[in-house]
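Structure, as structure tokens:
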Amino acid sequence: MYASSAASASRRSLASRSCRAIAVLTTLGFGGTRWISAVPKGKFSRAAAPWYRTYSMAASSAVWNNPIHFRWWVSRSVISATHVPHERSRTLRTSGIIYIPYCQCKMLPVPQPYHHLNSWLQIAVTPMIQELNLVVWRKEEMFGLQKRNKKPTFSFPCTLLSDRCRDSIQNIRLANCVLRPTCQLGLPSLKTLDLHNVYITGDELGCLLSNSFALEQLKLVFCHDIIHLEIPCLLQRFSFLEVLACSSLEVIQNKAPNLSRFWFTGNQVQISLGDSLNVKNLKLDHSCSISYAIDTLPSGVPNLETLTINSTREIANAPMASSKFLHLKVLCINIFGSNFHRDYDYLSFVSFFDASPSLETFRLYVGRQFNYDSFEGDSSSLRRIPEHRHGNLKSVKITGFCPQKSMLELTRDILQNAASLERLTLDASPVNYRCSGNILGSKCFPMQTAYIREAHKSILAVRTYIESKVPSKVKLNVLEPCSRCHPL
């Protein structure tokens, strides 16, 4: 009797203290082992977390046991996984704490691969839930048999959100499912929405956004049903939009007044950022994005402070800017792929310097390339652009530095015209990952022998054409291929 009373009191005390719960579901659309446990957020222990051991084992063994993982984090409470015999399968609840039976089921037929998922969601989604992370995997996807861009078959039950956690849910991440919200679905506390390979139309997404007044961040990845994306003006707190590889997208129209970060990857589309005075951080990733950025962004996003450009192909060199980036302080240009022209003029990047009087940091990354002409002539034949001043430029790093003529010219121009330059880093390896010295097990990113030879040729070019131009106040840092990981 006393033990029972003590247990009840403990549950009541725990219920009163449980102020936050997070449901994270990583599911496979076929049978297997299921786990649930609860651990305190911020006090994670691998040894004490059965779901972590199961999750790691599954990842390393290609999910041979086909697990479905339920992870519950409840503040200031720890509940280990409770195993209940299958014949007594039942769910025991306290406020914010759920015990799930350990059970085993056979592989489900392909037409109904998510037979029990709706039931599990009914258990996981409670009125106190603040975060929901649902990732749905098909068996074919796990073993590399899934056809590319095949539409998911599981339809997420939107009524579950409106009926169960409409006022509490703050963060939602859904992956590999279908989402069909109606205008009746309103989530007034929702702050972040992350949709990855979720099939939802632009109109349906608009219905959801129009009733989510607290939304601050939206991320869309591989959402191929969206043609027209519109962010409504009612979202006064909305500040971050990321769109990645939504293949059908044609128009992005933002009407939210306080958007400050916009990241876009995909085919070039029509972009209207509305009142863009608050946009300070912008990332573009599509072909010809260098020319597009310098042609359109100075006037379109006048208060930009950080600009990242990823490009796989450019038809022409960077043009001269018609207006200026008056507030741009950080510029990162990343060049990838073999489609980049061998004769691209890197010295044309001076156009960005001239258009950015406040620029302080410049980063250039050039991916592996083998089709350039190495310069071996006299330094007097290298071009100079007179009367150019990059007054505030302080830090420059070029990763993938090579002895192409225009890259040597760009580097020398920076040294000659950046009066405030403090540090210049030239990395001859076309990779961003390096080992940590002699730490056991640490190795650099693999490089072919031909690339290692090219890197050493680049180092020789630095000594021949660059070092003599470095002012005494500038610290030159030349990064060679790691002698331990990449010996010749």
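At position 215 of the sequence shown the residue is numbered 200 (the working numbering), and the sequence of numbers has no breaks.
For glycine and all other residues, C-beta sits at the position ideal for the given N, C-alpha and C.
Keep in mind that this is a model prediction, so the values were computed, not measured.
**OP:** Go through its chain and collect everything with a Cβ distance to P112's Cβ below 7 Å, but skip five positions before and after it.
**Re:** R149, C150 and S153
Original post:
In the DSSP assignment, what residue or residues form a beta bridge with C162?
Top reply: V183
**OP:** Give the DSSP-derived three-state secondary structure of D210 in the structure shown.
**Re:** coil
Original post:
Once you ignore the five residues that flank N161 on each side, which residues in its own chain have a CB closer than 8 Å to its CB?
Top reply: V120, V121, W122, R123, E126, P137, F139, H181, N182 and V183
**OP:** Kindly indicate which residue of D188, L175 and S174 has the alpha-carbon position closest to the one of L164.
**Re:** D188
Subject >> Classification of D398 by the beta-carbon crowding that lies within 10 angstroms, buried from 16 upward >> reply: buried
**OP:** Count the C-beta pairs between the stretch 357 to 372 and the stretch 293 to 310 that are closer than 8 Å, then say yes if the count reaches three, no if not.
**Re:** no
**OP:** Spatial neighbours of R246 within its chain, please: CB distance less than 6 Å, with the 5 preceding and 5 following residues excluded, ordered by chain position.
**Re:** F225 and N266
Original post:
By DSSP, does Y357 sit in helix, in strand, or in coil?
Top reply: coil
**OP:** Let me know if A404 comes out buried or exposed under the rule of 16 or more other beta-carbons within 10 Å of its beta-carbon.
**Re:** exposed
Subject >> Close-in-space but distant-in-sequence residues of the same chain around S257 (CB under 6 Å, 5 per side omitted) >> reply: Q238
**OP:** Decide if T167 is buried, meaning its Cβ has at least 16 other Cβ atoms within 10 Å, or exposed.
**Re:** exposed
Original post:
What do you get for K135, buried or exposed, if any count of 16 or more other CB atoms within 10 angstroms of its CB means buried?
Top reply: exposed
**OP:** Run the CB neighbour count on G385, radius 10 Å, all protein chains shown included, and call it buried at 16 or more, exposed below.
**Re:** buried
Original post:
For E407, does the count of other Cβ atoms within 10 angstroms reach 16, so buried, or fall short, so exposed?
Top reply: exposed
Original post:
Expressed to the nearest angstrom, what Euclidean distance is found between the alpha-carbon atoms of F207 and Q401?
Top reply: 45 Å
Subject >> CB-CB length for S233 against H209, believed under 8 Å >> reply: 5 Å
Original post:
Taking C-beta to C-beta, are H312 and D339 nearer than 8 Å?
Top reply: no
Subject >> Option in P388, L344 and L159 with minimal Cα separation from S414 >> reply: P388
Subject >> Which listed residue (S261, C273, T297 and R298) has its alpha carbon closest to that of P283 >> reply: S261
Original post:
What distance in whole Å lies between the Cβ atoms of K379 and T410, which are believed to be in contact at a cut-off of 8 Å?
Top reply: Wrong, their Cβ atoms sit about 12 Å apart, outside the cutoff.
**OP:** Keeping to the same chain, check which residues put their C-beta closer than 6 Å to that of W218; ignore five residues upstream and five downstream.
**Re:** Note on residue identity: the sequence assigns Cys, not Trp, to residue 218. Excluding sequence neighbours, C218 sits near K240.
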